Every structure is written in structure tokens, then in C-alpha cells.
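Some notes on the structure that comes next.
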Amino acid sequence: TQLLEQSPQFLSIQEGENLTVYCNSSSVFSSLQWYRQEPGEGPVLLVTVVTGGEVKKLKRLTFQFGDARKDSSLHITAAQPGDTGLYLCAGSISGNTGKLIFGQGTTLQVKP
Amino acid sequence: GAVVSQHPSWVICKSGTSVKIECRSLDFQATTMFWYRQFPKQSLMLMATSNEGSKATYEQGVEKDKFLINHASLTLSTLTVTSAHPEDSSFYICSARVPGQGEHSPLHFGNGTRLTVT
Chain A
1 TQLLEQSPQF
11 LSIQEGENLT
21 VYCNSSSVFS
31 SLQWYRQEPG
41 EGPVLLVTVV
51 TGGEVKKLKR
61 LTFQFGDARK
71 DSSLHITAAQ
81 PGDTGLYLCA
91 GSISGNTGKL
101 IFGQGTTLQV
111 KP
Chain B
1001 GAVVSQHPSW
1011 VICKSGTSVK
1021 IECRSLDFQA
1031 TTMFWYRQFP
1041 KQSLMLMATS
1051 NEGSKATYEQ
1061 GVEKDKFLIN
1071 HASLTLSTLT
1081 VTSAHPEDSS
1091 FYICSARVPG
1101 QGEHSPLHFG
1111 NGTRLTVT
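Just so you know, the sequences run in chain order A and B. Using our numbering, the first residue of the first sequence is number 1, and each one after it goes up by one. Using our numbering, the first residue of the second sequence is number 1001, and each one after it goes up by one.
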């Protein structure tokens, strides 16, 4: 059962454009993390959001956790070719032995 | 920083043979490690949770007799793909958390193993 719906799954944009990736679920998560993965490597953590309604910024990336802790979004402003990669949201369910459930991933391509 | 090392980074084997993948936490002890499988440009699917000194916990639909997990020490977990078939070809990634950093601490991933079964 896929608990996290991530959209869009593929996104190709021009350098300088803005974009938003969404992560939705019917389940409540104790926290939600966003990872970025390069080809042939393991994912690397970008941010963790814990509190409902929380907003975190990482340079041109803005992350938001929904008030009900069921959804999250990642917004990139003025995308650059270096932002190209696979973006993954991952939710942690309280009391679930610490394992993470990943969304389907969003493959982002930023063209120069 | 926390480093998880995975070996080999890629392996090609013939159908019917077994392949062992190692996952090591280099600078911390991990009582729990997580094994994921990933198809090209797709997400990570949790296969099993490896527990040091006890049996692994497998996710629904994952054959425990086919994907043998051994967590023999606090820094090493192994995944053995037994009697491999072409459909087992995939990218396998292990991960672990640094203990004592709370339930919201990040997973640290190895660089994965690309398995190709011919």
C-alpha cells in the first residue's frame, strides 16, 4: 500500500523557473523528510519537518508541513541546472520502529 | 558525519547464483539497518528492517528465504540474494540512523549496489 503520493513524478523546466512538488497522504506522520538523490548514489537529507504548519527554508528551497501533518510541499525558486535530481519525500509513522515510507519521487530536470 | 558504506557498488551474476551485499556503519553503531530496493527513476521500496542479534523484519510481499538478511554485529548487515533471477536486477540501498539522535533523525544511506542478473 502506497501511503505517500508524490506529484508530479517528472518535471522538466527551464533555468529560472519556479516549481512545487507535493507529497500527500491519508496518514498522519510524526515527521516528514525530504531527500535528494543523484544517479548511482544514495539519497541525502535536505530537511526534516516535525510540527504541523512548519515552514523551513534552505536557500532557494522552501519546505512546508501541512497543519494536519498529512502532507508536505517543496518549492524551488529560480531553479538552476544544479537542482536536477530525484527528490523524495519520506514519512515517519510514530511508533513504527523508525522506518521511513517513501513517496514515488519526483525526477526534476532543469535545462540551462 | 555519519557514513554508511556499501559493498560492492555493482555486481553482475549469472541466473541461479547467490550474491551477498554488505552494509557497514563506519563511525557509529547501528542496532537497526534498513534495506531498500529501487528501480530506475523510481522511489525506494522498503524490503526489510535488519535487527542486530535477532531476526530481520520483512515487509509484506518480500520473500525472506530469497532475501536473506544477517545483522551479525553493530556495524555490519548483509543482504544475500539467493538463486538470483533477472527480475532481481535492481539497485539495492541500505541505510541506518545514528543512535541517540531521536526518532526524527535522518537516515544515512549507503551508495547502493547495482545488481544485474544475466
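Positions of the beta carbon are idealized from the N, C-alpha and C atoms, including for glycine. Note that the coordinates shown come from a computational prediction; the quantities given were computed from them, not determined experimentally.
Per-residue DSSP class, three states only, for residue i
{"i": "E1087/B", "result": "helix"}
{"i": "D83/A", "result": "helix"}
{"i": "D1065/B", "result": "coil"}
{"i": "A1048/B", "result": "strand"}
{"i": "E54/A", "result": "coil"}
{"i": "I93/A", "result": "coil"}
{"i": "F65/A", "result": "strand"}
{"i": "S25/A", "result": "coil"}
{"i": "L1115/B", "result": "strand"}
{"i": "Q1119/B", "result": "The structure shown does not extend to residue 1119/B, since chain B is modelled only from 1001 through 1118, so no value can be given for it."}
{"i": "T1017/B", "result": "coil"}
{"i": "K60/A", "result": "Strictly speaking, residue 60/A in this sequence is Arg, with Lys absent from that position. Coil, per DSSP."}
{"i": "Q14/A", "result": "strand"}
Opening and closing residue of the beta strand (DSSP E) in which residue i lies
{"i": "S1009/B", "result": "Careful: S1009/B lies outside any beta strand (DSSP E) and carries neither H nor E."}
{"i": "H1098/B", "result": "Position check: residue 1098/B holds Val in this sequence, whereas His was assumed. Counting along the chain, V1098/B falls outside any beta strand (DSSP E), and DSSP gives it neither H nor E."}
{"i": "S72/A", "result": "71-76"}
{"i": "V47/A", "result": "44-49"}
{"i": "Q37/A", "result": "31-37"}
{"i": "V110/A", "result": "106-111"}
{"i": "V1081/B", "result": "1076-1081"}
{"i": "F102/A", "result": "100-102"}
{"i": "S1043/B", "result": "Counting along the chain, S1043/B falls outside any beta strand (DSSP E), and DSSP gives it neither H nor E."}
Cβ-based burial, residue i [other Cβ within 10 Å; buried from 16]
{"i": "W1035/B", "result": "buried"}
{"i": "D1088/B", "result": "buried"}
{"i": "R60/A", "result": "exposed"}
{"i": "S12/A", "result": "exposed"}
{"i": "I1177/B", "result": "Lying before the first or after the last residue shown, residue 1177/B is absent from chain B, which here runs from 1001 to 1118."}
{"i": "P1040/B", "result": "exposed"}
{"i": "A90/A", "result": "buried"}
{"i": "V55/A", "result": "exposed"}
{"i": "S92/A", "result": "buried"}
Partners in chain A for residue i, counting only beta-carbon separations shorter than 9 Å
{"i": "L1076/B", "result": "The contacting residues do not exist; L1076/B stays about 17 Å from chain A at best."}
{"i": "R1097/B", "result": "G98"}
Under 7 Å from the C-beta of residue i: neighbouring residues of chain A
{"i": "I1093/B", "result": "G42"}
Proximal chain B residues relative to residue i, where beta-carbon distance stays under 7 Å
{"i": "F102/A", "result": "S1043, L1044"}
{"i": "Q33/A", "result": "P1106"}
{"i": "T107/A", "result": "K1041"}
{"i": "L45/A", "result": "P1106"}
{"i": "L115/A", "result": "Outside the modelled stretch of chain A, which goes from 1 to 112, sits residue 115/A, for which no answer is possible."}
Check: residue i C-beta below 6 Å from any heavy atom of the ligand SAH
{"i": "S1015/B", "result": "With respect to the ligand SAH, the structure offers nothing, as it holds no ligand at all."}
Chain B contact residues for residue i, given Cβ-Cβ distances below 9 Å
{"i": "R48/A", "result": "The question names Arg, yet the displayed sequence has Thr at residue 48/A. By Cβ distance, chain B contributes H1104, S1105, P1106."}
{"i": "L88/A", "result": "S1043, L1044"}
Query raised in the report: Are at least three pairs of beta-carbons, each pair with one atom in the region 1058-1066 of chain B and one in the region 1090-1110 of chain B, less than 8 Å apart?
Result: no
**Report entry** Validate contact between the region 63-75 of chain A and the region 1006-1025 of chain B using beta carbons, cut 8 Å, 3 pairs
**Finding:** Output reads no: the region 1006-1025 of chain B does not touch the region 63-75 of chain A.
Query raised in the report: Okay, do the region 1049-1061 of chain B and the region 1026-1041 of chain B touch, 3+ Cβ pairs below 8 Å being the bar?
Result: yes
Query raised in the report: Given 8 Å as the limit, is there contact between the region 1075-1086 of chain B and the region 17-26 of chain A, that is, 3 or more CB pairs closer than that?
Result: no
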